[in-house]
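**Q**
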Amino acid sequence: MHFHCLLIIAGACADIVMTQSPSSLAMSVGQKVTMSCKSSQSLLNSSNQKNYLAWYQQKPGQSPKLLVYFASTRESGVPDRFIGSGSGTDFTLTISSVQAEDLADYFCQQHYSTPPTVLQPST
């Protein structure tokens, strides 16, 4: 499984840099895995106390699927084994028990600015 960050380059967020770890990760069924994203500046909106960080899953030949938004809110229909956490500049996505269908690429995206412009790195 490869794991990448997406970088928003629109408006006021042009200077935000996202870093990730690990860059790739071997997964096996039943394993607990954690992926991290770090932002160069806070993604916490002080007016509503929401962190503008989303996680996506992408399988070969498919469009990205939104898993988590506002750092920890699961999209409808996403299994509860996907757990987003973190605040400010440090965020994680945990898969509590990997299933075979979870083998995919995972992306984090900061959406502090709208409309977002996304720069997607090569796989």
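Per mature numbering (1 follows the signal peptide of the UniProt record, and there is no 0), the sequence shown runs over residues -19 to -1, 1 to 104. Yeah, the Cβ is synthetic: ideal placement off N, Cα and C, and Gly gets one too.
Do residue 47 and residue 34 have their C-beta atoms within less than 8 Å of each other?
**A** In the sequence shown, residue 47 corresponds to position 66, counting from 1. In the sequence shown, residue 34 corresponds to position 53, counting from 1. No, Cβ-Cβ distance for residue 47 and residue 34 is not below 8 Å.
**Q** Determine the DSSP secondary structure at residue 35, reduced to helix, strand or coil.
**A** As a working mapping, residue 35 is identified with position 54 in the sequence shown. Looking at residue 35 - three-state DSSP - the assignment turns out to be strand.
**Q** Between residue 79 and residue 9, how many whole angstroms is the CB-CB distance? I'm expecting something under 8 Å.
**A** Taking the sequence shown and counting its residues from 1, one reaches residue 79 at position 98. Taking the sequence shown and counting its residues from 1, one reaches residue 9 at position 28. Contact flag correct, Cβ pair sits at about 7 Å.
**Q** Please state whether DSSP places residue 86 in a helix, a strand or coil.
**A** Locating residue 86 in the sequence shown gives position 105, where the first residue counts as 1. Three-state DSSP puts residue 86 in a strand.
**Q** Are the Cβ atoms of residue 66 and residue 53 separated by less than 8 Å?
**A** The count along the sequence shown starts at 1 and reaches residue 66 at position 85. The count along the sequence shown starts at 1 and reaches residue 53 at position 72. Yes, Cβ-Cβ distance for residue 66 and residue 53 is below 8 Å.
**Q** In the DSSP assignment, find the beta strand (DSSP E) that holds residue 50 and state where it starts and stops.
**A** Locating residue 50 in the sequence shown gives position 69, counting from the first residue. Looking at the DSSP string, the run of the beta strand (DSSP E) that includes residue 50 is 46 to 50.
**Q** Rounded to the nearest angstrom, what separates residue 84 and residue 91 at their Cα positions?
**A** Along the sequence shown, one-based indexing puts residue 84 at 103. Along the sequence shown, one-based indexing puts residue 91 at 110. Near 23 Å, if we compare the C-alpha coordinates of residue 91 and residue 84.
**Q** In angstroms with no decimal places, state the Cα-to-Cα distance between residue 51 and residue 26.
**A** In the sequence shown, residue 51 corresponds to position 70, counting from 1. In the sequence shown, residue 26 corresponds to position 45, counting from 1. Cα to Cα, the separation comes out at about 10 Å.
**Q** Output the distance between the C-alpha atoms of residue 42 and residue 69, rounded to the nearest integer angstrom.
**A** Along the sequence shown, read from residue 1 onward, the residue named residue 42 stands at position 61. Along the sequence shown, read from residue 1 onward, the residue named residue 69 stands at position 88. Spanning the two alpha carbons is a distance of roughly 33 Å.
**Q** DSSP has residue -4 in a bridge; who is on the other side?
**A** Here the question's residue -4 lines up with position 16 in the sequence shown. Note: residue -4 sits in no beta bridge, so no partner.
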